[in-house]
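Below: the structure, in structure tokens.
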Amino acid sequence: MASNKDLKYCRIRHGSDKQKEKLGNVRMSEAKSALFHRDPAYEYPVIVRGEGIYLFDDSGKRYIDGGAGATNVTLGHSRRRIVEAMAEQADTLAYVFSTNFANQPAIELAERIASIAPGDLNHVYFVSGGSEGIESSLKMVRVYHQQRGNPNKQKVIARWRSYHGGTIGALSLTGMPWLRRNFDSWLLPFPHIETCYPYRCKYQGCLGECNLSCADELERTILETGPENVAAFISEPVGMAGVGALAPPPDYFPRIREICDKYDVLLIMDEVISGFGRTGKFFAIEHWDVIPDLIVFGKGASGGYSPLGGVLFRSKINEALKETCSSFPHIFTYVNNPVSARAGLEVLDIIEEEHLVEHVSKISGYLFERAELLKSHPIVGEIRGKGLLFCLELVKDRTTKEPFPAAFEVSRRLHKSLMHKGLSCIVVGSAPEWKSGDDIRLAPPFSITRDQVEEIVGILDEGLLELQQELSVL
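Residue numbers for the sequence shown follow my numbering, beginning at 3 and rising by one.
This is the structure:
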């Protein structure tokens with residue numbers, strides 16, 4: 003194992019001799035100025051090593067990776083067998099252009115995923131991430147309706163408080179106004195409906211117990227837009243990026259499926275975050291016993307070891323794509339990448355051999371059980387989630403659900419405290435565009451143990467206590 007001294011300094015190994023002489027031995031955190039970071043005001047710790055659920059920075063400090071990276075490091079850091087499988091594949095065949103050739107790892111991975119998927123979701127198109135997968139699904143939907151003689155079916159309905167990616171098509175679907183506002187003039191005019199959020203439902207009569215008014219809004223929006231113009235509806239089965247760990251009640255998606263079928267509208271499930279075991283089912287939509295027409299996946303498909311995403315789709319869509327007069331008009335450089343596919347195969351092997359989907363179902367129950375202790379803090383408004391997608395929503399007043407004022411900087415204070423205590427997680431501030439509280443979101447690697455759950459809950463308990471003390475003097 004490297005010493006702290008080895009971790010603290012890096013030798014510049016690349017570039018000209020003149021560059022090496024100029025830079026010499028530099029502390030990593032001082033050598034990053036050429037790298038663009040999204041938040042220039044934040045001092046990013048420089049991580050040099052990962053092991054299991056832990057990360058280590060260049061000063062030797064250890065962090066629990068409570069968000070599993072961006073929810074993608076599902077099997078934990080430094081899984082040697084995945085690394086070795088990728089290296090072996092790269093040594094054999096690192097790349098082949100999908101327009102001209104097929105490759106065995108991609109063929110095998112597609113067969114494996116299709117065999118696990120529910121219903122007749124039997125076909126897979128691989129890309130390199132979630133946003134590319136969303137864009138691909140939109141084009142598949144478009145071609146499907148064109149081939150069936152419905153060229154006017156072009157609108158895709160999405161939900162507010164959702165996140166579907168950063169590319170223009172995906173951002174057009176995303177229901178987070180603060181991400182959209184700088185690019186509004188570029189975005190496609192897709193309709194949005196309310197998400198299912200019982201804790202803060204906008205509909206009268208819901209009162210925390212969902213009466214499916216939010217699902218019925220889909221039908222009203224289809225009728226307002228014109229059924230002949232609506233191609234698809236897209237939703238995350240469990241929201242995470244827009245609203246933390248928000249899972250609808252049991253009747254929600256069956257009602258959505260019924261409405262889509264009534265108006266010949268395809269149902270797209272965005273399982274980029276929730277898929278591949280994250281919720282205690284291989285695909286989260288299985289909790290609702292509903293079969294969508296397309297599933298977009300990513301993140302956990304490779305466990306974070308290589309860029310990999312894709313679209314899983316039903317046979318009727320495959321038939322429409324095959325009927326086009328030429329090849330599917332959509333291509334990326336890393337479609338069907340053999341190294342990424344090899345990583346994906348190894349991930350599936352580990353998930354099956356270690357019974358990780360079952361483990362997620364059990365350990366998540368323990369996480370939610372222990373998290374009940376956090377309700378002793380009056381600022382905890384709601385604890386919610388599904389599997390290892392977990393959220394605490396913080397409020398100023400538990401009775402009225404009033405959020406903290408933005409000026410209190412609750413999320414910044416809490417993030418700083420938790421990082422200092424060695425817990426990296428996703429802390430999101432209250433949204434100015436609508437009434438919602440600050441969130442603490444967790445999505446740890448699947449391999450997490452009961453002792454590690456105790457460690458996380460203990461840090462959260464300390465952090466919330468300190469936060470309350472800080473807020474009491476404001």
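Just so it is clear, CB atoms sit at the ideal spot from N, CA and C, and this is done for glycine as well.
Does the beta-carbon of residue i have 16 or more other beta-carbons within 10 angstroms, so that it is buried, or is it exposed?
i           : result
residue 245 : buried
residue 170 : exposed
residue 76  : buried
residue 36  : exposed
residue 151 : exposed
residue 113 : exposed
residue 451 : exposed
residue 470 : exposed
residue 324 : exposed
residue 362 : buried
residue 441 : buried
residue 199 : buried
residue 9   : Note that residue 9 scores 42 on pLDDT, short of 50, meaning its location in the model is unreliable and no value can be drawn from it.
residue 166 : buried
residue 254 : buried
residue 155 : buried
residue 455 : buried
residue 44  : exposed
residue 153 : exposed
residue 52  : buried
residue 80  : exposed
residue 89  : exposed
residue 146 : buried
residue 417 : buried
Where does the unbroken beta strand (DSSP E) through residue i begin, and where does it stop?
i           : result
residue 269 : 268-272
residue 202 : That residue, residue 202, is in no beta strand (DSSP E); it is neither H nor E in DSSP.
residue 333 : Per DSSP, residue 333 belongs to no beta strand (DSSP E) and is neither H nor E.
residue 387 : 382-388
residue 50  : 49-53
residue 1   : Outside the shown range of the chain, which is 3 to 476, sits residue 1, and nothing can be said about it.
residue 413 : It is not in any beta strand (DSSP E) - residue 413 instead sits in the alpha helix (DSSP H) that spans 412-422.
residue 44  : Note, residue 44: premise wrong, no beta strand (DSSP E); not H, not E.
Out of the options, which one is the CA nearest neighbour of residue i?
i           : options            : result
residue 393 : 382, 237, 230      : 382
residue 338 : 97, 303, 148, 437  : 97
residue 242 : 195, 262, 178      : 178
residue 315 : 124, 380, 195      : 124
residue 359 : 476, 249, 279      : 279
residue 395 : 38, 439, 107, 119  : 439
residue 478 : 66, 259, 47, 39    : This structure does not reach residue 478, given that the chain is present from 3 up to 476, and the question cannot be answered.
residue 447 : 389, 441, 431, 156 : 389
residue 404 : 421, 423, 380      : 380
residue 48  : 59, 54, 41         : 59
residue 101 : 235, 336, 468      : 336
residue 91  : 417, 397, 340      : 340
residue 346 : 45, 74, 397        : 74
residue 397 : 201, 424, 391      : 201
residue 236 : 212, 215, 158      : 158
residue 234 : 39, 368, 160       : 160
residue 180 : 149, 437, 54, 433  : 433
residue 356 : 204, 183, 449, 82  : 449
Let me check you understand the geometry: is the CB of residue i closer than 7 Å to at least one non-hydrogen atom of the ligand SAH?
i          : result
residue 80 : Questions concerning the ligand SAH fall outside what the structure shown contains, since it holds no ligand whatsoever.
Leaving aside the five residues before and after residue i along the sequence, list all residues of the same chain whose C-beta is less than 7 Å from its C-beta, in chain order.
i           : result
residue 256 : 290, 292
residue 127 : 138, 312, 313
residue 190 : 171, 174
residue 252 : 290
residue 322 : 145, 146, 149, 150
Might you give, ordered along the chain, the residues of its own chain that have their beta carbon closer than 8 Å to the beta carbon of residue i, omitting 5 neighbours on each side?
i           : result
residue 376 : 382, 385, 394, 459, 462, 463, 466
residue 288 : 120
residue 349 : 76, 77, 84, 278, 302, 303, 304, 305, 307
residue 230 : 152, 154, 155
residue 468 : 419
Tell me the residue span of the alpha helix (DSSP H) that contains residue i.
i           : result
residue 254 : 254-264
residue 370 : 358-373
residue 437 : It is not in any alpha helix (DSSP H) - residue 437 carries neither H nor E in the DSSP assignment.
residue 225 : 215-227
residue 39  : Residue 39 -> no alpha helix (DSSP H), and no H or E assigned at all.
residue 341 : 340-355
residue 492 : The requested residue 492 is not part of the displayed model; the chain covers only 3 to 476.
Note down, in chain order, each residue of its chain lying with its Cβ closer than 6 Å to the Cβ of residue i, except the 5 sequence neighbours on either side.
i         : result
residue 4 : No answer about residue 4 holds up, because its pLDDT of 44 lies below 50 and its placement is not dependable.
Exercise. Answer yes if the segment 317-332 comes into contact with the segment 279-289, meaning at least three C-beta pairs across the two stretches below 8 Å, and no otherwise.
Key: no
Self-check item: Any 3 or more C-beta pairs closer than 8 Å across the segment 292-312 and the segment 267-279
Solution: yes
Quiz item: Between the segment 299-319 and the segment 404-414, do at least 3 Cβ pairs fall closer than 8 Å?
Solution: no
Exercise. Inspect the CB distances between the segment 185-204 and the segment 219-236 and report whether three or more fall short of 8 Å.
Key: yes
Exercise. Please determine if the segment 102-110 and the segment 134-144 are in contact, where contact requires at least 3 C-beta pairs separated by less than 8 Å.
Key: no
Quiz item: Touch check for the segment 124-137 and the segment 155-174: three-plus C-beta pairs under 8 Å?
Solution: yes
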